[in-house]
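Residue numbers (this note's numbering), protein chains in the order written: chain A, -14 to 321; chain B, 17 to 196; chain C, 3 to 448.
Ideal Cβ placement from N, Cα and C applies to all residues, glycine included.
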Ligand SMILES: Cc1cc2nc3c(=O)[nH]c(=O)nc-3n(C[C@H](O)[C@H](O)[C@H](O)COP(=O)(O)O)c2cc1C
Ligand code: SF4
Ligand code: FES
Ligand code: FES
């Protein structure tokens, strides 16, 4: 079993374990944040770069350090590897840079976002970001669209983690949405008006780390932190029936999958359980659910979070961003 | 126009499609999507409408979204109608150093459009593009599959006149196969 | 000057055609390789030659070939990278247009050495007219028995196919190229695994540049040893340089590695000096991605030695005072050039070409372009220059593929060597007006 040391803590892990997984086995503050990796989705990770770490010793056999920081979610440990995460000022600085990039075009509309309180980007900004934005140009925006009866896509908030595309690829057949366009104007889309209609499509909502894919049946019903979660189950032929119910008083406002401490779904659930079963009699209640360790809300941080956000005094835009290929064509600096 | 015409490759184009697919191992026919999209763009009025892309998807037996994803990634595919003759002027470093902006400004004035636009008669679209690999022969533009290099204002005028006279649709497949 | 190895026959009338190419001694390398040599011997010759990849990274070709996995029963592939899209680089286009059969000859020889039975040439979409030239040459080669089943009766089979791109610089990155060849978006893969282990359709694959594969022909004809005698140190053989910008004789030149930069720029045999007898200001020596150097540093290293056209000499001094040979895209700028405006065209390019997968490149390239646009619009501040520096640092080394670095380095080097020009623009926006009028077509000066 390869032995790896992360921020001074050593652990033996099975061959083929990634640095991120090894860090999660150790647990605590040394676990790098992950915005795109999802252990239950094959080939996920590598995109957002928040999980980067420094490898100061490659392995016992080849102790040379790796020249650049690596994505811990996509780098396997080698025997004798030494990794620096929070003990490396360079890593923290680089990560703050990544957070800034992720927030660059983000609308920062937390006060009206359904995801507020459950948003990994909000947590990330709070824990790893800097207090101010240095971006003074117009942010890119997209229209909200309904993709089917239950899901709304608010692309402006998307960080292009690709998780929902992988859900569609790996859980359903006949994927109808994907990433279109290129570069800064890439977007999650069905391209032509198209409904995502599949028994498991609702899981896309649960894997979305931000508020880009939201449950239309829950929209604006309530702020997440005023609702109380409870775990429940039912007999279901399409999924395990193990869910989390979100209550206001006796009313079930929302049904989601259960999530582990890293915010990952424990069992995928079907659309029937998620969107249709809203009566108490549909469920066997197991008891109140534990809120995951990441939640800003659970730590009562939401108010102070507003301070880091988000300079609303955007200067007059000097430029429009690149417009989508479907829109008006690329930036046109004709006056130069 | 694409709307009224049935979306169907000509026999000649179909033969080429089969030849393209045969270049890849069985089950890897998706590899042919880019060359087939080039062909489709040439056959169906110079751009890729959603029904045209759906048709390509059906030929390759893949999901439509897989075609949309690809078509929207590559800059040579037009997802909106364009003029018969798209003039693509390079304005990256080497071309800029040798006066590409003068050429662009001149064409804009002459055709009375800005870069990115199409003339009202549907003849010309002007596009500013990035390096086309003709840096030593700058300034230059590409029309269809052909490069026009070492441009001067006079040469540009002559070429515009020539394209207008010919009046035909210029495509990247000009040299590849005869299209309709 | 030494003997030309690739462009030797470029002047022969009709050399594009099979008959002429053959009459001039073409396909001798294939004959020799298939009949007299084994794959192991060819690999050995390539190793001995010291040939380094001509696509930009300069990785030793023999070593790359030796990494190719050879699990039994799994097909292997050779893919030629003809995506050439790095601003300032146009040598592959010239080579393919003039000498299509040399590429085919190099590919047959190399495919044989690697044990590949199906090989592809991935050419950028904009080179559609060259696609036709190569397609024609491939058909000729099939007819003459150099491709297909049982070549020269040796039992070796090879199919060679063209594949065309559709406008995406990123598809020059080898794993993005493979994705594109599989009919997908040109998103670079996360490595490892490297293509030598899992490349095209998951099979072991070697990706090589056009010029690299062509260079295999003289290596087989004259021997790796002879090839390695040309050049200096670890920079062996000849290199095609694409010269553009403010020079009297832009074009493609084959040089012996080791030629002094000064001679390349000023001799009549090559660039022929600066346009209009003006003074030179700066050079981008290896395509847009490599650091720009001011005149004094491109002609001489910081130690005062003459700068030579080799991987090592151009790299001397690291990024503080050196640059890279890269893909050999040599862009010369005269004294009237605005470095800021030139940088803007580069930054706009990288913004346009970012695939958008990873956040530092997707967001950072656009941000840098916008700041440069702001500076050029006369709204810049001193803080913007520091911000640019900081952004490029936060992209550099943090991305999936090297496009991030390619976008960062030009920004870093322009600020490092020409900071005062940025400051001038910020402090005196009026000076930008002058830049607008500098650039006229040659002969139509304002
Ligand atoms: C953004 C990017 C663009 C590239 N473009 C090209 C290209 O157009 N042609 C090329 O041969 N190599 C290009 N490369 C380098 C290739 O990834 C690869 O290293 C090369 O094709 C290997 O061939 P060689 O060893 O023969 O040089 C590019 C690399 C990057 C990161
Ligand atoms: S560095 Fe840029 S081009 Fe490369 S993978 Fe990331 S986003 Fe794509
Ligand atoms: S979680 Fe590793 S790169 Fe996104
Ligand atoms: S810069 Fe215009 S063709 Fe290269």
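Give a yes or no on whether the C-beta atoms belonging to residue i and residue j are separated by under 7 Å.
{"i": "residue 56 of chain A", "j": "residue 31 of chain A", "result": "yes"}
{"i": "residue 3 of chain A", "j": "residue 61 of chain A", "result": "yes"}
{"i": "residue 167 of chain C", "j": "residue 126 of chain C", "result": "yes"}
{"i": "residue 2 of chain C", "j": "residue 332 of chain C", "result": "With chain C covering 3 to 448 only, the question about residue 2 of chain C has no answer from this structure."}
{"i": "residue 17 of chain A", "j": "residue 33 of chain A", "result": "no"}
{"i": "residue 259 of chain A", "j": "residue 237 of chain A", "result": "no"}
{"i": "residue 180 of chain C", "j": "residue 202 of chain C", "result": "yes"}
{"i": "residue 26 of chain A", "j": "residue 151 of chain A", "result": "yes"}
{"i": "residue 369 of chain C", "j": "residue 293 of chain C", "result": "no"}
{"i": "residue 81 of chain B", "j": "residue 170 of chain A", "result": "no"}
{"i": "residue 352 of chain C", "j": "residue 409 of chain C", "result": "yes"}
{"i": "residue 60 of chain B", "j": "residue 99 of chain B", "result": "no"}
Does the Cβ of residue i lie closer than 6 Å to at least one heavy atom of ligand 4?
{"i": "residue 148 of chain B", "result": "yes"}
{"i": "residue 110 of chain B", "result": "yes"}
{"i": "residue 252 of chain C", "result": "no"}
{"i": "residue 412 of chain C", "result": "no"}
Where does residue i fall in DSSP's three states?
{"i": "residue 374 of chain C", "result": "helix"}
{"i": "residue 316 of chain A", "result": "Because the pLDDT at residue 316 of chain A is just 32, under 50, the model does not fix this residue reliably, and the point stays unresolved."}
{"i": "residue 104 of chain B", "result": "strand"}
{"i": "residue 71 of chain A", "result": "coil"}
{"i": "residue 162 of chain A", "result": "coil"}
{"i": "residue 208 of chain C", "result": "strand"}
{"i": "residue 183 of chain A", "result": "coil"}
{"i": "residue 0 of chain A", "result": "coil"}
{"i": "residue 401 of chain A", "result": "Here chain A covers residues -14 to 321 and nothing more, so residue 401 of chain A does not appear."}
{"i": "residue 308 of chain A", "result": "Unreliable positioning characterises residue 308 of chain A in this predicted model, as indicated by a pLDDT of 29, which lies under 50. The coordinate reading is nonetheless provided below. In the structure shown, residue 308 of chain A sits in coil (DSSP, three-state: anything other than H, G, I, E or B)."}
{"i": "residue 199 of chain C", "result": "coil"}
{"i": "residue 46 of chain C", "result": "helix"}
{"i": "residue 298 of chain A", "result": "In this prediction, residue 298 of chain A scores a pLDDT of 28, lower than 50, which makes its location untrustworthy; the coordinate-derived value is nonetheless stated afterwards. Residue state, collapsed to three classes: coil."}
{"i": "residue 124 of chain A", "result": "coil"}
Got a sec: does ligand 3 put a non-hydrogen atom nearer than 6 Å to the Cβ of residue i?
{"i": "residue 147 of chain A", "result": "no"}
{"i": "residue 117 of chain C", "result": "no"}
{"i": "residue 71 of chain B", "result": "no"}
{"i": "residue 124 of chain C", "result": "no"}
{"i": "residue 255 of chain C", "result": "no"}
{"i": "residue 38 of chain B", "result": "no"}
{"i": "residue 38 of chain C", "result": "no"}
Please find out if some non-hydrogen atom of ligand 2 comes closer than 6 Å to the beta-carbon of residue i.
{"i": "residue 406 of chain C", "result": "yes"}
{"i": "residue 363 of chain C", "result": "yes"}
{"i": "residue 190 of chain C", "result": "yes"}
{"i": "residue 394 of chain C", "result": "no"}
{"i": "residue 87 of chain C", "result": "no"}
{"i": "residue 33 of chain A", "result": "no"}
Is residue i near ligand 1, with its Cβ less than 6 Å from a heavy atom?
{"i": "residue 350 of chain C", "result": "no"}
{"i": "residue 134 of chain A", "result": "no"}
{"i": "residue 210 of chain C", "result": "yes"}
Inset, instruction - Please determine if the stretch 130 to 140 of chain C and the stretch 50 to 58 of chain C are in contact, where contact requires at least 3 C-beta pairs separated by less than 8 Å. - result: no
Inset, instruction - Decide if the stretch 209 to 228 of chain C is in contact with the stretch 53 to 72 of chain C; the criterion is three or more beta carbon pairs, one per stretch, under 8 Å apart. - result: yes
Legend entry - the stretch 254 to 280 of chain C: positions lying closer than 8 Å to chain B by Cβ: Only 254 from the stretch 254 to 280 of chain C bring a Cβ to less than 8 Å from some Cβ of chain B.
Legend entry - At least three beta-carbon pairs within less than 8 Å, the stretch 175 to 187 of chain A to the stretch 133 to 143 of chain A: Yes: the two stretches touch, three or more of their Cβ pairs being nearer than 8 Å.
Inset, instruction - Could you tell me whether the stretch 228 to 242 of chain C touches the stretch 106 to 119 of chain B, where touching means 3 or more Cβ pairs closer than 8 Å? - result: no
Inset, instruction - Kindly confirm or deny that the stretch 216 to 227 of chain C and the stretch 41 to 50 of chain C touch, where touching means at least three C-beta pairs closer than 8 Å. - result: yes
Inset, instruction - Return the residues of the stretch 165 to 182 of chain A that lie within a Cβ-Cβ distance of less than 7 Å from chain C, sorted by chain order. - result: 167, 168, 169, 171
Inset, instruction - Answer yes if the stretch 88 to 102 of chain C comes into contact with the stretch 322 to 332 of chain C, meaning at least three C-beta pairs across the two stretches below 8 Å, and no otherwise. - result: yes
Inset, instruction - Evaluate contact between the stretch 255 to 264 of chain C and the stretch 304 to 323 of chain C, counting only Cβ atoms and requiring at least three cross-stretch pairs below 8 Å. - result: yes
Legend entry - Selection of the stretch 196 to 220 of chain C by Cβ proximity to chain B, strictly under 8 Å: 203
Inset, instruction - Check whether the stretch 80 to 89 of chain C touches the stretch 113 to 127 of chain C, counting contact only when three or more Cβ pairs, one atom from each stretch, lie closer than 8 Å. - result: Put simply, the stretch 80 to 89 of chain C touches the stretch 113 to 127 of chain C. At least three CB pairs are less than 8 Å apart.
Inset, instruction - Please name the residues in the stretch 140 to 156 of chain B whose beta-carbon is closer than 9 Å to at least one beta-carbon of chain C, in chain order. - result: From the stretch 140 to 156 of chain B, only 145, 146, 147, 148, 149, 150, 151, 152, 153, 154, 155 have a Cβ closer than 9 Å to chain C.
Legend entry - chain A contacts from the stretch 360 to 386 of chain C (Cβ-Cβ distance under 7 Å): 360, 361, 362, 364, 365, 366, 368, 369, 372, 375, 376, 378, 379, 381
Inset, instruction - Report yes or no: do three or more beta-carbon pairs, one from the stretch 159 to 167 of chain B and one from the stretch 98 to 113 of chain C, lie closer than 8 Å? - result: The stretch 159 to 167 of chain B makes no contact with the stretch 98 to 113 of chain C; the number of CB pairs closer than 8 Å stays below 3.
Inset, instruction - Output, in sequence order along the chain, the residues in the stretch 24 to 44 of chain A whose CB is closer than 9 Å to any CB in chain C. - result: 28, 30, 31, 32, 33, 34, 35, 37
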